[in-house]
Amino acid sequence: MPESNNLVAETHVVLRRARTFPEDSWTLSRVLDDKGYESAKTVIGGMSPEATVDLVKESGLRGRGGAGFPTGVKWSFIPKDVFPRYVVVNHDEGEPGTFKDREIAERDPHQLIEGIAIAAWACQANKAFIYCRGEFALGSRRLDAAIGEAYEQGFLGRGIFGSDFDLDIILHRGAGAYICGEESALLDSLEGYRGQPRLRPPFPAIKGLYGQPTVINNTETLSTLPALLSNGADWFKQWGTEKSPGTKVFSVSGHINRPGNYEIPLGTSLADLLELGGGMRSGGELKAIIPGGASAPLLTSTDVAMDFEALKDAGTMLGSGAVVFMDDSTCMVRNALVTTEFFEHESCGKCTPCREGTWWAVKVLERIEHGQGRAEDMDLLLDIADGIDGRSFCPLGDAASWALRSNVKVFREEFEQHVVDGRCPFEPEERNLVGAMSGGLGLGAAGIGPQPSAGIEVDREGRDGSNGSGN
Amino acid sequence: MADLVNVTINGSQIQAEKGRMLIDVAEEMGIFVPRFCYHPGMKSVAVCRMCLVQIEGQRKLLPACATPVDDGMNVNTSDEQAVDAQQGMLEFLLINHPLDCPICDRGGECPLQDQTYRHGPGASRYVEPKRTYEKALEISDLVVLDRERCVLCWRCVRFCDEISGDRFIQLVDRGPGTQILTFSDEPFNSYFSGNTIQICPVGALTSLPYRFASRPWDLQTAPSVCAYCSVGCPITNESRSGQLVRCQALPNENVNDFWICDKGRFGYHYVSSEERLETPLVRKGDEFAPASWGEALQLAAEKLGGKERVGVIAGGHLTTEDAFGVSRLARSVIGTPHLDSRVQDAGAPYELFRSAGGVAGSTATLNDLEEAKTIWWVGPDPKESLPVLFLRLRKAVLDRGAHLTVVSPRRISLDEFADTVIRTSEADDGSVAGQIAEKSKGELEDPVVVCWGPAHPGRDERATVTAVVELARAHDSKVLVCPPHAGSQGLLDMGVHPLMEPGYADAALGGRDTRAILEGAAKGEIDTLLLLGVDPIADFPDAGLAQRALESKAFSIVVELFPTETALRADVVMPSAAYAERDGTFTNLERRLQKLERLMTPVGAARDPWKICTALAQAMGQEWKWHDLEDVWEDIRKTVPTHAGIRLEALKQQAPAPAPFYEPALSAQHGRAEGAMGGPGGQYPKGHRGGAPFQTGQNWPLSWELRAFEAKQRPGLIPAPGGLSATPAGGPDAPSRASEAAQPAAGTPPAEASSASTRPSGPPIDRDHSFVLYSGRLIYDEGAMVRRTAALRGIQAKPFVEMNEYDVKRLEVADGDEVVVSGNGVEARLRVVVADIGAGAVFVPYDQEGLRANRLMAGIDPVVEVKPG
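The following block contains the structure:
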């Protein structure tokens, strides 16, 4: 494995404890030694909920789940005088290529719990739910253990940290549907219904879980809170850009030397991130980049800053922060097919364009990949994408259309070559190693290429291992 | 009044109530936004994405069904973007649709077909194999499911969830594999299942009885009113080659919303039954001989000359006009005060309600239920006997937040969402009236509607009704009186009652009620019985008495559809026309008059009962000239004060010329020249059919979506208060008449009341095994009409007996065991169902195959003995 040249450095905020104490960052003793829960204790003991919301607003922290909505603003949508309210943690990280929340919760579950306590205090919610992706066996065991420890310490339960504020956290494991990461589908699933997005309005802040005001935040967003509240808004804003302040954990994978999670200030260039990931795998030439999860339109150059605005200007998006680098051994028809198949499989079936559009696109892509494409198929695929985009019930359909359109548009010649040649020009074994699908299948970066540099533990105990301690 | 906002749609401005959905507002302006999942009777889900429209200032197209109008909104439903979305969505919907339209029952009246022709692309670009499923699953005895045709609009799922509460149909699997399905071991056993067929926007759900019976364009259609219960749901009857092949709900948000029950929808075969009487019959010894009308009428007329030695009983399926004819014939021509229309509900004291609102019937409308904050229900299980009223009550409670109190000796469907359940039973000396009075003390949240219907044949409900009237008066509330049948209220209005003349006035001379008439016949005090549309042996809660009356020396004249038990014992039988063969009106339980239109000619020589009354009067030498319905109404207006001023014309449906089938402007946008459309669309009428959506005559093949739309463009076609339907004066609209009305007859016993007001004498009752007998009809029973309806034959419940769990233990039997139930010298072996019912009481359904519960009854308030089998 090539050595890192150390020219580019990470900035650890969310991953600080995990990276500083890789042996025991998730244990209670380490957390307490490391001033864990001090931030929540200070906030709940000494700050008003309004001041807490204001501080988060001032920091400019934006949601790390994909949409990038300002967190403090989201909290302030909760109507006054309506109780009970709920905080729901979206830990259903399912975007192909994304594995940051997994590591954040596995490595530092107490930081997440502390963040939940701060958010619950700010929103005056006495119950929080963690909707945990079903496949996260190790993570859910560690979270479960950590929640138990927090109760024992008086950090959860009645009168937490000696205040008169009560907080319970309920950990719920999902059953493996990508759509349940969409916040309103998550709520339906949590309530025990079929996981399908809800009609909005009403928005979850007004009528969410069980019809009550609900704040839904991503794991990484909440895990940022303890450090943010201890150090203040200005400290946080020293990183990033004006509109995208702070640091962000990027899940980097694909045909690179050191896949893994890297925390860098927003606005860092994509080239630097590739460098952190150890550069392209030997012999490979960079061909395409998915900069923000499978839904994000492709880039072909690393000459872009990794923040919400710059990526939007480049015609793509930051999304969940999953960056997949693909080299010239990648068949882009195959890439489009695998990605679209993923969205087809994960479509909930509620609305027509997503359900039928993804079905149709998969059929067409399969034909092209198997050498039975027709000259009109590329335009047809673009039409299908247009037919889904902006017309589906929830963003899943939009995401499917963006990925599809971008593959066809950016690599149209390659599609046409498939049609003209009547075959796929790539070797079959090469075609199996496409980065975009790895995260979605739960393999993380560990599933492909070289071993990850740090962070990802391969869970040897299996999904239902009985060892609940998480050690 | 809600805020009004200004909205611009396709360039035209309109004022609309803020918050109404765009799709409705547009439709009112005459702009049809295509849709599949949207249904005005259910909540929007916005899943089909067909109704996407362009709204100025919005980045994306928005679904018109889920976008409330707001001030200054500028909407375009037919610009390039919206049309592109509509075409794209239809192309998506059609890629997996089998296009087996030529063999699909929906073909010709299919929303998917129609909207594809109006809004879709001309051709599909889909060349891949289509999604396939096993075809034509029979998910119940009435409904067939074809998942390949389904466009996943969720209408059926939402209907079962929101409207009926029978959650049998669900979404299964996900993504492109999503399908509608029932649970594998549970058929779609809902009393309202047929509605899912009617609202299905494709042919995914079809009717087993109607399957392959006709193409829509081969049907003759007539608007009518369901002839079963007193809710009076507006329906369409449809026939092919003279056979009635289909009934569907006509939407009327005042009455049935958009729904009818499966009994109303599928229970029409009897009209074309081979058992229909086609000619008058005259008894010759033990046999009947066919006779001419002249012969039969002459014979009957001779026997009807006995003045007060004649008794007249009319059944609940007669129209208002029949009722008026019967009333006039009895009082003015025959000269007898002995007439009644209460049979199954014999003795039900409707007349007492005059002291609450001046009418022997409802002062509340069905719409009042939805405004009510408090509803009291004292009556039968509405899901069994007044099914669409159950839906309205369910909506009032679950959607509108009314608080419901249910008074019943046994658990009924309403208990599920009642705030309070008062479990009454006369067995343990709990007086029903006392409990009602006790529990209704104090404040009830206004407005209050008190509902009452005769619940248990054979039981004296005088005290209960007095308590209900008291409750209504104490809380100044409206009452909803629910007589059992489609014609029941009209019969009361027209004075087919021993104590009331037409218009609820006290009868000059009190007459015998049904029981007393039958007793009179049995004892030789009545010489002639005139029975119209009534089968006392099957329906009267003392079958033995009815049989004795019919087998007595009294001469009996029976007007009937079928050779019923009663008709078989008659001396003269006259064939009656059935509802689909008739013009006329029914008056429903809220006293709304609704018009039936004739679809078919009566079988054989069958005649309308009011025409038979006219002919009888003429045969008796009276000058009585009624030739058509208008003649009858002229007299009704003159003699019945509550009906003065009602114009039959106002109840009738208009038939203006049809609008062009598609809007030329839209067709041009689609690049089609007017008239250049091929395929089935090309056969669609552009006037030559000459029919409006709900007009009598040749069916106009068009989906319900567009029918409703087209109909709204023609005022008066969709029933509305004062339009198709009207409530007689003195009713809900004029409660002030109450004070002027006749003094209540409460407490005044009939002049010649039945003598059997006590329990029958006979062998002493075995206390340990004696039970109070409650009975009541189930939806699918052995009634004369349902019995002759093939579609409903297989799904009737077998007779059973409901008992309290303590009584079951006491008798040392168990749920499912057989017991012997005996009463009136009749024994029946019945299966025990342990149920929530008062101790010391049993419930036996009134009329199921194998046991007519009226055979167990003798006298008023019958008891039975139950012993282990």
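Residue numbers (our numbering), protein chains in the order written: chain A, 4 to 474; chain B, 3 to 871.
Beta carbons are placed, not taken as given, at the ideal position from N, Cα and C, and that holds for glycine.
N- and C-terminal bounds of the beta strand (DSSP E) containing residue i
{"i": "B/Pro2", "result": "Summary: the structure shown does not reach residue 2 of chain B, with chain B confined to residues 3 through 871, and so no result is reported for it."}
{"i": "B/Leu533", "result": "530-534"}
{"i": "B/Val227", "result": "222-227"}
{"i": "B/Lys45", "result": "No beta strand (DSSP E) holds B/Lys45; DSSP gives it neither H nor E."}
{"i": "A/Lys44", "result": "Unbroken run through A/Lys44 is the alpha helix (DSSP H), 41-49; no beta strand (DSSP E)."}
{"i": "A/Ile133", "result": "130-135"}
{"i": "B/Gln17", "result": "14-19"}
{"i": "B/Gln245", "result": "245-251"}
Under 8 Å between C-beta atoms of residue i and residue j
{"i": "A/Ser79", "j": "A/Pro248", "result": "no"}
{"i": "B/Thr530", "j": "B/Phe557", "result": "yes"}
{"i": "A/Ser254", "j": "A/Gly324", "result": "yes"}
{"i": "B/Glu323", "j": "B/Trp626", "result": "no"}
{"i": "B/Val153", "j": "B/Leu95", "result": "yes"}
{"i": "B/Ser340", "j": "B/Ile519", "result": "Residue 340 of chain B is actually His in this sequence, not Ser. Contact: yes."}
{"i": "B/Arg169", "j": "B/Asp163", "result": "yes"}
{"i": "B/Ser209", "j": "B/Val314", "result": "no"}
{"i": "A/Ser404", "j": "A/Asp386", "result": "no"}
{"i": "B/Pro203", "j": "B/Phe268", "result": "no"}
{"i": "A/Leu276", "j": "A/Tyr265", "result": "yes"}
{"i": "B/Val828", "j": "B/Pro870", "result": "no"}
{"i": "B/Phe355", "j": "B/Gly363", "result": "yes"}
{"i": "A/Pro300", "j": "A/Pro216", "result": "no"}
{"i": "A/His258", "j": "A/Gly280", "result": "no"}
{"i": "A/Gly48", "j": "A/Ser166", "result": "yes"}
Terminal residues of the alpha helix (DSSP H) in which residue i lies
{"i": "A/His421", "result": "415-424"}
{"i": "B/Gln200", "result": "196-201"}
{"i": "B/Phe94", "result": "82-97"}
{"i": "B/Thr134", "result": "Where B/Thr134 is concerned, there is no enclosing alpha helix (DSSP H), given that its DSSP letter is neither H nor E."}
{"i": "B/Phe845", "result": "Taken as a continuous stretch (DSSP letters only), B/Phe845 belongs to no alpha helix (DSSP H), being part of the beta strand (DSSP E) at 843-847."}
{"i": "B/Tyr119", "result": "113-121"}
Cβ-based neighbour list, residue i, same chain, cut-off 7 Å, excluding 5 preceding and 5 following
{"i": "B/Arg22", "result": "Pro70, Val71"}
Same chain, Cβ closer than 6 Å to residue i, five either side skipped, listed in chain order
{"i": "B/Trp379", "result": "Val408, Leu416, Cys453"}
{"i": "B/His477", "result": "Leu446, Val450"}
{"i": "B/Ala66", "result": "Leu24, Ile25, Val35, Cys53, Val55"}
{"i": "B/Val273", "result": "Leu246, Ala580, Ala582"}
{"i": "B/Pro682", "result": "Because the pLDDT at B/Pro682 is just 23, under 50, the model does not fix this residue reliably, and the value given afterwards should be weighed accordingly. None."}
Residue i: contacting residues in chain B (beta-carbon distance under 8 Å)
{"i": "A/Glu186", "result": "Ordered by position in chain B, no residue passes the 8 Å Cβ test against A/Glu186, which lies about 17 Å from the chain."}
{"i": "A/Glu359", "result": "Phe94, Leu95, Ile97, Asn98, Pro178"}
{"i": "A/Trp405", "result": "Residues of chain B passing the Cβ test: none, with the nearest at roughly 14 Å."}
Amino acids of chain B, ordered along the chain, whose beta-carbon sits closer than 9 Å to that of residue i
{"i": "A/Cys351", "result": "Arg176, Gly177, Thr180"}
Under 8 Å from the C-beta of residue i: neighbouring residues of chain A
{"i": "B/Glu111", "result": "Near B/Glu111 there are no residues of chain A at all, since even the closest Cβ is about 22 Å away, more than 8 Å."}
{"i": "B/Tyr128", "result": "Trp363"}
Under 7 Å from the C-beta of residue i: neighbouring residues of chain B
{"i": "A/Gly137", "result": "Near A/Gly137 there are no residues of chain B at all, since even the closest Cβ is about 15 Å away, more than 7 Å."}
{"i": "A/Thr355", "result": "Cys50, Arg51, Met91, Phe94, Leu95"}
{"i": "A/Lys366", "result": "Glu130"}
Proximal residues to residue i (C-beta, below 8 Å), its chain only, five neighbours per side dropped
{"i": "B/Asp633", "result": "Lys627"}
{"i": "A/Glu349", "result": "Gly97, Ala180, Tyr181, Ile182, Leu399"}
Is the number of C-beta pairs between the segment 560-569 of chain B and the segment 231-250 of chain B that are closer than 8 Å three or more?
Cβ pair count under 8 Å is below three, so no.
Check whether the segment 179-191 of chain B touches the segment 372-384 of chain A, taking contact to mean three or more Cβ pairs, one atom from each stretch, closer than 8 Å.
Fewer than three pairs of CB atoms, one per stretch, sit closer than 8 Å, so the segment 179-191 of chain B makes no contact with the segment 372-384 of chain A.
Quick test of the definition: if touching needs 3 or more C-beta pairs under 8 Å, does the segment 478-495 of chain B touch the segment 591-599 of chain B?
At 8 Å Cβ cutoff, the stretches touch.
Measuring CB atoms only, is the segment 101-116 of chain A touching the segment 222-233 of chain A, in the sense that at least three cross pairs come out at less than 8 Å?
The answer is yes - the segment 222-233 of chain A touches the segment 101-116 of chain A, with three or more Cβ pairs under 8 Å.
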